[in-house]
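Okay, structure first, notes after.
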Amino acid sequence: MVNWVVSLAGPRRISLEPCPPDPLGPGQVRVRTCYSGISAGTELTLYRGSNPRLSKDWDDVTRMFVPRQTTVPYPLVGFGYEEVGEVVEVAPEVTDRQPGQLVWGIWGHRAEAVVPADLVHPLPAGLDPLAAVFARPGAIALTAVLAGDLHLGDWVGVFGQGVIGLLATRLATLSGARVVAVDRVAGRLAHARRLGARLVVDAATESAADVLRRATGGIGADVCLELSGAYPALHEAIRATTHAGRVVAAGFYQGQADGLGLGEEFHHNRIQLVAAQVSGPTPAPGMAGRWTGARVAHTFMDLVAEGSVDPLPLVSHVVDASAVADALALLDRGDAAALQVVLRFC
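Each residue of the sequence shown is one higher than the last, beginning at 44 in this note's numbering.
Right, dumping it as structure tokens:
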């Protein structure tokens, strides 16, 4: 039997390649992938070759990037973190997962995977399996909202209305915030309105900072969430935020900080700049002891299951896994119609 895995041989050199199946070990399950969503953020940094982990090593002890001691270990195989599949085999001692069960988790773009049983999670009853590809993007969005410490009635700017930004718009609205959604793509702003944004701003034609100042009587946003990963957007989020307000930087910023000026509104308005990252035991400051990455993901999926969040309209493309090169190229060129692109393996 042949397995199939997405393989990156170098920047923009991607394909679906055969590989042998992994043996099943103690405490593990074998999962046959149905869907695997593509991240238009992290995965594009790998595809383009800009991810810092390609040029540097991460030191777990010092928690710093250090000069890389070896060449990049191409090919990179099986990256990806938005998977849904069916359990087809379980180790003898595994009793809480069963063959035929639909599960979500992280096992990368591959047709089949062997995974620890406690790292795959049953789909809520009646949920469309396609909705479960949003578990990780939803967790990233919810982490940003939690890091923002939003309160009922707050004015909140959400910069970047890609998949994660749109989910953050919905989650911030559920938190009782008055959301102003910012993007340059009209179709994404239309989604933001549907998800509850009070106002939308086309950043190509007007200043989000000016709009938020007008909407708040000159005060500015209580909190801004920056999810595009673009330095100019982070700068505008800082400009839009009230004195001593909070900006959550939850995008994956690449390269030098062109377009970001920290000697202007950031300095003079004493802005709190908070980083939010879903990985690790504590996704954001102030969450220790209460929220973990696992709790965030399960909470998001509970919101989907109860109908508070409907991510399915954000699926723009479902393509056969063999078309992975076309799918990544679509996202790479910034096609305005592309939101959540999903690989189909089943």
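For every residue, glycine included, the Cβ atom is placed at its ideal position computed from N, Cα and C.
These figures come from a predicted structure and were not determined experimentally.
Which residue from the options puts its Cα closest to that of residue i?
| i | options | result |
| --- | --- | --- |
| ASP100 | ARG111, ARG91 and THR138 | ARG111 |
| TYR117 | ARG96, ASN94 and GLY53 | GLY53 |
| GLY298 | PRO275, ALA190 and HIS194 | PRO275 |
| GLU125 | LEU305, VAL48, VAL176 and THR325 | VAL176 |
| ILE262 | GLY302, ALA252, ALA348 and GLY169 | ALA252 |
| ALA380 | ALA220, SER98, ILE149 and LEU232 | LEU232 |
| VAL115 | HIS194, SER93, GLU136 and LEU87 | SER93 |
| GLY169 | HIS360, GLU349 and GLY377 | GLU349 |
| LEU394 | LEU386, LEU87 and GLY272 | Absent from the model: residue 394. The displayed extent of the chain is 44 to 389, so no value can be given. |
| GLU136 | VAL72, VAL223 and LEU238 | VAL72 |
| PRO61 | ASP369, CYS389, SER365 and ARG387 | SER365 |
| ARG241 | VAL228, THR248 and ALA264 | ALA264 |
Please classify residue i: does DSSP put it in a helix, a strand, or coil?
| i | result |
| --- | --- |
| TYR78 | strand |
| ARG179 | helix |
| PHE391 | Any question about residue 391 goes unanswered here, given that the chain covers just 44 to 389. |
| LEU346 | helix |
| VAL228 | coil |
| GLY288 | strand |
| GLU136 | coil |
| ASP375 | helix |
| PHE108 | strand |
| TYR58 | Looking at the sequence shown, residue 58 is not Tyr but Ser. Residue state, collapsed to three classes: strand. |
| ALA318 | strand |
What does the Cβ neighbour count give for residue i, buried or exposed, with the cut at 16 atoms within 10 Å?
| i | result |
| --- | --- |
| VAL384 | buried |
| LEU145 | buried |
| GLY208 | buried |
| GLY288 | buried |
| CYS267 | buried |
| ALA174 | buried |
| ARG236 | exposed |
| GLY191 | buried |
| GLY68 | exposed |
Below 8 Å on the Cβ atoms is my guess for residue i versus residue j; work out the distance and round it to an integer in Å.
| i | j | result |
| --- | --- | --- |
| ILE57 | TYR78 | That pair is no contact at about 18 Å. |
| VAL290 | LEU316 | 5 Å |
| THR216 | ALA319 | Their Cβ separation, rounded to whole angstroms, is 18 Å, which puts THR216 and ALA319 out of contact at 8 Å. |
| VAL48 | VAL158 | Actually they do not touch by this definition, with Cβ atoms about 14 Å apart. |
| GLY329 | GLY294 | With 8 Å as the limit, GLY329 and GLY294 do not qualify as a contact, their Cβ atoms being about 20 Å apart. |
Does any residue of chain D bring its CB to less than 8 Å from the CB of residue i?
| i | result |
| --- | --- |
| ASP353 | In summary, chain D is missing from the structure at hand, where a single protein chain is found. |
Validate contact between the segment 175 to 194 and the segment 333 to 348 using beta carbons, cut 8 Å, 3 pairs: Touching, per the Cβ criterion.
Contact the segment 297 to 313 vs the segment 322 to 329: 3+ CB pairs below 8 Å: The segment 297 to 313 and the segment 322 to 329 do not touch, with fewer than 3 CB-CB distances between them shorter than 8 Å.
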